[in-house]
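Peer 1: Questions regarding the structure given below will be posed in turn.
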Amino acid sequence: MSDTSETPLPATPTGPDLEELREEIDELKDQTTEELVSPTPVDLADREPQPEPTDAIGSEDWGDKR
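Written as structure tokens, this is what we have:
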């Protein structure tokens, strides 16, 4: 049996604390799933090496004359 003395919940809850939760949810929506599952520590992201452009394979001139 259910307890009938409980007051029903409103269809759209309101309150000052819900605004903070909505902001946090919006911030989480902006992150990728990969970042949520496996976040990169901030100090590691700063030390990550940057890739350098390279020549395409076979395009380097070795100066071979045949």
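So for the sequence shown, this note's numbering puts the first residue at -8; every next one is plus one. Just so it is clear, CB atoms sit at the ideal spot from N, CA and C, and this is done for glycine as well.
1) Thinking C-beta only, is leucine 12 closer than 8 angstroms to leucine 19?
2) How many angstroms separate the CA atom of glutamate 43 from the CA atom of threonine 24?
3) May I ask you to report which of helix, strand or coil DSSP gives leucine 0?
Peer 2: Here's the rundown:
1) Mapped onto the sequence shown, residue 19 falls at position 28. Mapped onto the sequence shown, residue 12 falls at position 21. Their beta carbons are not under 8 angstroms apart, which means leucine 19 does not touch leucine 12 by this criterion.
2) Here residue 43 corresponds to residue number 52 of the sequence shown, with the count starting at 1. Here residue 24 corresponds to residue number 33 of the sequence shown, with the count starting at 1. So the two alpha carbons sit approximately 27 angstroms from each other.
3) Translated into the one-based positions of the sequence shown, residue 0 becomes position 9. Secondary structure at leucine 0: coil, using DSSP grouped into helix, strand and coil.
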